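Accompanying notes for the structure given below.
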Amino acid sequence: MDEAAVDAREGLVEKVANYLREHIVMDHFQPGQRLPERKLAEELDVSRTPMREAFKILAAEGLVVISPRRGAVVADVSPQDVQEKAYVLSVLEQSAAELCCANASDDDIAELQALHFEMKAAFLRRDRQNYFRLNQAIHNRIVSLSGNNSLIEIHATLSRQLYRVRYLSNLKNEKWSVAMDEHEAIMAALEARDGKQVGNELRNHLGKTWMKYANPAAGDQPLADVDTESG
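Residues 1 to 231 in UniProt numbering are what the sequence shown lists, from first letter to last.
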């Protein structure tokens with residue numbers, strides 16, 4: 001197979017994986033649901049080979065489980081798994097924020113501020129989908145500006161595994177204005193180049209978001225203060 005054919009095949013597999021990933025995230029495919037290989041291949045007008053390759057990608061991301069008898073099934077992440085992964089994600093973003101303050105240029109900070117203003121506009125319009133998209137873009141950009149490739153790679157993996165949970169948490173967030181205020185504090189600390197404060201603000205913000213989904217009884221406790229060994 002020549003290089004062009006390989007690139008085309010890889011592009012098709014990624015396209016299928018993106019379609020499945022989005023539908024899992026948006027809860028169109030729910031935890032425990034079997035993903036019918038033949039039916040999906042027909043719907044997307046692809047052969048079953050790229051579909052199987054896409055399943056493997058999503059399995060590596062922790063979004064599906066592949067078993068000999070049932071095929072690909074949407075993964076069901078337990079509250080404890082969410083807590084544990086969210087804890088690691090919060091630590092990563094805290095570290096990334098400190099590195100971002102040290103490494104980012106003034107233009108980089110201005111770009112983050114522009115994204116923040118766009119997100120605030122979505123908040124004022126009560127446009128949750130665009131708010132969530134921009135929210136994720138801000139978090140990912142802060143991590144990217146850390147300049148630490150290992151941190152960026154691990155964060156990307158965990159983010160993909162928890163993306164669905166975070167999306168659903170965003171839809172259920174009854175204290176949306178509080179989350180917006182927390183982002184205002186994050187941006188203020190970024191502009192001041194206060195790495196420690198940005199890290200603390202981010203970790204506190206993530207802790208509240210995730211724990212309200214995984215353990216509603218945790219209330220507004222920061223993630224670091226919640227017992228992750230409880231069920």
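Cβ coordinates follow ideal geometry from the N, Cα and C atoms, glycine included. Note that the structure is a prediction, hence the values are computed from the model and not measured.
State the CB to CB distance for the pair residue i and residue j, rounded to an integer number of angstroms; the pair is presumed to be in contact (CB under 8 Å).
i: residue 145; j: residue 194; result: With a Cβ gap of about 15 Å, residue 145 and residue 194 do not count as contacting.
i: residue 64; j: residue 77; result: The Cβ separation is near 11 Å, so there is no contact.
i: residue 38; j: residue 48; result: 7 Å
i: residue 96; j: residue 155; result: 7 Å
Would you mind stating whether residue i and residue j have Cβ atoms separated by less than 8 Å?
i: residue 54; j: residue 16; result: yes
i: residue 89; j: residue 206; result: yes
i: residue 140; j: residue 99; result: no
i: residue 44; j: residue 19; result: yes
i: residue 113; j: residue 187; result: yes
i: residue 92; j: residue 151; result: yes
i: residue 83; j: residue 199; result: no
Is DSSP giving residue i helix, strand or coil here?
i: residue 199; result: helix
i: residue 262; result: Lying outside 1 to 231, the shown extent of the chain, residue 262 is not represented and no answer is given.
i: residue 77; result: coil
i: residue 34; result: strand
i: residue 72; result: strand
i: residue 90; result: helix
i: residue 159; result: helix
i: residue 95; result: helix
Rounded to the nearest angstrom, what separates residue i and residue j at their Cα positions?
i: residue 138; j: residue 40; result: 33 Å
i: residue 11; j: residue 50; result: 10 Å
i: residue 232; j: residue 167; result: Examination of residue 232 is not possible in this model, given that the chain is present from 1 through 231 alone.
i: residue 178; j: residue 23; result: 28 Å
Using beta carbons (cut-off 8 Å, strictly below), is residue i in contact with chain B?
i: residue 46; result: Any reference to chain B falls outside this structure, which holds one protein chain only.
Whose C-alpha, out of the options, is nearest the C-alpha of residue i?
i: residue 135; options: 126, 71, 118 and 32; result: 118
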